[in-house]
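Chemist: Remember, my numbering sits 4 above the position in the sequence shown when you count from 1. Beta carbons are placed, not taken as given, at the ideal position from N, Cα and C, and that holds for glycine. If you're wondering where the values come from, they're calculated on a predicted model, not measured in any experiment.
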Amino acid sequence: MTKEIYLFNPENDMALANFTPYYKAPKEIIRMANDLSVLPSWYAPEGSIIKVNSLLQADLQKRQCPVPELTPQVEWCDTWENAPYRPWGWNPSLLHTLRQSGVNENFLLSDEQIQRLRFLSGRQRCTEILQSFTDSNLLCGEAMICDTLSQIQNYVRNTGECILKAPWSGSGRGLVHVSPTSWTSSIEGWAERILRVQGNIMAEPLYNKVKDFAMEFYSDEKGHTHFIGYSLFETDIHGNYKANILSSDKQIEQILSYYIPTATLHNTRQTLETVLSDLIGTAYHGYLGVDMMICRASGNYNYQLHPCVEVNLRMNMGVVSHLIFERYVHPQAHGKYIVEYYATDGEALEVHQQYLYTHPLKLQDEKLAKGYFSLTPVEKSTRYHIFLLLT
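(1) Pick helix, strand or coil for L102, following the three-state DSSP scheme.
(2) Please classify I241 as buried or exposed, where buried requires at least 16 neighbouring CB atoms within 10 angstroms.
(3) Do the CB positions of P96 and A19 come within less than 9 Å of each other?
(4) Work out the CA separation of Q368 and L124 for me, nearest whole Å.
(5) Pairing CB atoms from the region 199-207 with CB atoms from the region 278-290, are three or more of them under 8 Å?
(6) For C69, which residues from the same chain have a beta carbon less than 7 Å from its beta carbon, with the 5 sequence-adjacent residues on both sides left out?
(7) What residues in its chain sit with their C-beta under 8 Å from that of F221, if we drop five residues either side in the sequence?
(8) Which of helix, strand or coil does DSSP assign to H389?
(9) Considering only the beta carbon of each residue, do G327 and W80 sit closer than 9 Å?
(10) Ends of the beta strand (DSSP E) at A207?
(11) What's the C-alpha gap between N38 and V56?
(12) So the alpha helix (DSSP H) N316 belongs to, where does it begin and stop?
(13) Apply the 10 Å Cβ neighbour rule to E132 and answer buried if 16 or more other Cβ atoms are within range, or exposed otherwise.
(14) At the level of alpha carbons, what is the spacing between P184 and R197?
(15) Determine the closest residue to G145 out of T380, Q258, Y359, Y307, with distance taken between C-alpha atoms.
(16) For T239, write down the residues that DSSP places opposite it in a beta bridge.
(17) Taking only the alpha-carbon atoms, compute the straight-line gap between L11 and T362 and give it to the nearest angstrom.
(18) Is DSSP giving D295 helix, strand or coil here?
(19) Can G126 and R318 be called in contact, C-beta distance under 9 Å?
(20) For A347 versus T386, is the C-beta distance shorter than 9 Å?
(21) Return the chain-ordered list of same chain residues with a C-beta closer than 8 Å to the C-beta of D82, the five sequence neighbours on each side being excluded.
(22) Could you pull the DSSP bridge partners for Y222 from this structure?
(23) Which term fits Y89, buried or exposed, when burial requires 16 or more other beta carbons within 10 angstroms of its beta carbon?
(24) Would you tell me roughly how many angstroms separate the C-alpha atoms of N13 and P91, rounded to the nearest one?
(25) For L392, count neighbouring C-beta atoms within 10 Å of its own C-beta (all shown protein chains included) and say buried if the count is 16 or more, exposed if not.
(26) Answer with buried or exposed for H181, where buried requires no fewer than 16 other C-beta atoms within 10 angstroms of its C-beta.
(27) Suppose you measure from the CA of R103 to the CA of L121; what does that come to, to the nearest Å?
(28) Looking at C-alpha atoms only, which residue of A48, K66, R300, W194 is the closest neighbour of Y262?
(29) Straight-line CA distance for Y376 to K384?
(30) Hey, out of L64, F23, S52, N16, whose CA is closest to P381's CA?
(31) Roughly how many angstroms separate the alpha carbons of K371 and E225, rounded to a whole number?
(32) Tell me which residue opens and which closes the beta strand (DSSP E) that V396 is part of.
Dropping the structure here:
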């Protein structure tokens, strides 16, 4: 059996939005891909191959791992090999690169499959999924697909504060917070451009968010999508992902049940398994996440659950942190899985060395129990870094 090659390509969402074979990622995203290229080694099955930009990254990761027994048992390559691929996500640009590199078509998705994945990845699907939930005072969430500028303007005028979303965009991008009093010519220009390029815009009310989380799933390409775990994550003020809470599913569910009854969470999970199985069918093989949020409500209910803010039809940091917790972290440990960006050379290395001193690593039952553990290599030029902090 041919070994699969795992690849971290964080430009996927933007490449899917662009949807041409010739998309070129911004330099900063290329830098992110290079700095974090070893990440798949922590979730790929043992014996898999990890594609990196330079084998020096793999060597540095091995040398910096403080527990040799925990070093991922994988192989490495720095060229496009003729083998099946498991990328972070599929898009026309990656498909073009693999074809140009001579990878056999039998190992690749077809153009039709990529087209279907783009359709399924569009934010329009959230509207369809939300309609599958029966009315409940414990649930919230609505979205309108606007095809014209006048529809958007009417929605903003009637709704008040709301969020406009491009159907396809990079994670945390393509979102505009607007109200009747903050509408400007620049927002109008943005809306006209998105309508011209992508066809429509999603318009949603602005909810009083209390907590972000996600339900993670796996689709087997045979018509079945099943729940694999929770993802409790943190974002910055701009909505950009920052970290995941490292805890068991049972512990995360206990946290969520403070706001939303456990029965509602379970019913939501079951509904999504059915809806996603029908929607995705045989079109996708791999992990996916459904972002949700707990919102402050008015009336007799303190909180409500928004069951489908966004669907990420690709690998995501929530799944990675979930798998790492299951494989490497002691079940009683708590902490964070952190993705950090540093603006200057040397800053990441300084923080890395400081954490090694201030948060010494401790094991329990041969698993990570406390302290600092770097998942990606750190050197003077590093700008992007992923690590665990266990307390």
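Modeler: Checking against the coordinates, here is how it stands:
(1) In the structure shown, L102 sits in a helix (DSSP, three-state: H, G or I).
(2) Burial call: exposed.
(3) yes
(4) Taking the straight line from one Cα to the other gives about 42 Å.
(5) no
(6) T75
(7) T229, H230, F231, I232, L276, E277, L280, Y291, L292, G293, V294
(8) In this structure, H389 counts as strand in the three-state DSSP scheme.
(9) Checking the sequence shown, residue 327 turns out to be Leu, not Gly. Result no, Cβ atoms of L327 and W80 do not sit closer than 9 Å.
(10) 205-209
(11) Cα to Cα, N38 sits roughly 7 Å from V56.
(12) Unbroken run through N316 is the beta strand (DSSP E), 307-316; no alpha helix (DSSP H).
(13) exposed
(14) 20 Å
(15) Y307
(16) Y245
(17) 33 Å
(18) strand
(19) no
(20) No, they are not a contact pair.
(21) K55, V56, N57, S58, L59
(22) DSSP lists H230, Y291 as partners of Y222.
(23) buried
(24) 7 Å
(25) Buried: at least 16 other Cβ atoms inside 10 Å.
(26) So H181 ends up on the exposed side.
(27) Those two C-alpha atoms are separated by around 18 Å.
(28) For Y262, the nearest C-alpha among the options comes from R300.
(29) Whole-angstrom Cα-Cα distance: 19 Å.
(30) Taking only the C-alpha atoms, the option nearest P381 is L64.
(31) 33 Å
(32) Because the chain spans 5 through 395 in this model, residue 396 falls outside it and cannot be assessed.
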